[in-house]
Every structure is written in C-alpha cells, then in structure tokens.
Amino acid sequence: MHEMSLAEGVLQLIEDAARKQQFEKVTTVWLEIGQLSGVEVEAMSFCFDVVTRDSIADGARLEIISLPGTGWCMECAMTVPMAEGFGDCPQCGGHQFR
285 MHEMSLAEGV
295 LQLIEDAARK
305 QQFEKVTTVW
315 LEIGQLSGVE
325 VEAMSFCFDV
335 VTRDSIADGA
345 RLEIISLPGT
355 GWCMECAMTV
365 PMAEGFGDCP
375 QCGGHQFR
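Under my numbering, residues 285 to 382 are what the sequence shown spells out, in order.
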C-alpha cells in the first residue's frame, strides 16, 4: 500500500508549511490525484486519517480532486486524454505515448 508513504509525505509538506508560515491548525487539505497515478482514493483517505492523528492536521478534512489522465502521442505530437496508460491515440490511432 504505497498510499501510506504518500500520506506521510503529505503530512511532512503540511508540517513544513506550518513551520514556515507559522500556523497551528489545518482544517482542510486539498490534494490533486491523477487518474493514471495508481493511487486508490479510499486507501489514500484512510492512510491520511491514520498518519495525521495527533498532528497539526488531526481531524482535517481531505478533499481529493481527481485529474483526468493525459498523454503526449509521439506519432502526432498531440496531448490527448487517456483513461489508461496504454491504448490508441484518439487523434491518429498511434500507440506510443509519454
């Protein structure tokens, strides 16, 4: 479950920002997660709740913004929407993406 290490990283960012900006409590965290990231949203929410216990973000609401997947087609040089990390380019039918 790599969501646990991701949640720990998010908490570290929150704590670093709290030190620099001198705030004492976090009530909401907005997190963008890309469709192709492989992150399970439910697992991320659970892990966030676990790692933020007894921290500056204890009880904070996690708001997840789901971003659509995109890829750059190497054949037609277009940025196109992608639901998976593979498939056909909707513009040219190509199969090579970045």
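C-beta: ideal position from N, C-alpha, C; glycine also.
It should be emphasised that the depicted structure is a prediction, and the values quoted were computed from it without experimental measurement.
With distance defined between alpha-carbon atoms, name the residue in the options nearest to residue i.
i              : options                        : result
methionine 288 : Met328, Ala302, Gln306, Gln319 : Met328
glutamine 306  : Ile340, Thr354, Pro374         : Ile340
isoleucine 348 : Leu297, Ala301, Ala302, Val313 : Val313
leucine 315    : Val325, Glu308, Lys309         : Val325
proline 352    : Leu346, Gln296, Asp300, Ser321 : Ser321
Alpha carbon to alpha carbon, how far is residue i from residue j?
i              : j              : result
isoleucine 317 : glycine 293    : 14 Å
serine 350     : methionine 366 : 14 Å
leucine 290    : valine 323     : 9 Å
alanine 344    : threonine 336  : 8 Å
glutamate 359  : glycine 369    : 16 Å
cysteine 373   : alanine 302    : 43 Å
glutamate 308  : valine 334     : 19 Å
histidine 379  : valine 310     : 44 Å
methionine 362 : glutamine 319  : 19 Å
lysine 304     : aspartate 338  : 20 Å
aspartate 342  : histidine 286  : 21 Å
arginine 382   : leucine 346    : 30 Å
Just mark residue i as buried or exposed, buried being the case when its beta carbon has 16 or more other beta carbons within 10 Å.
i                 : result
phenylalanine 332 : buried
glycine 383       : Residue 383 lies beyond the residue range present for the chain, which begins at 285 and ends at 382; the question has no answer from this structure.
leucine 297       : exposed
Hey, residue i and residue j: beta-carbon distance below 8 Å or not?
i           : j          : result
glycine 377 : valine 364 : no
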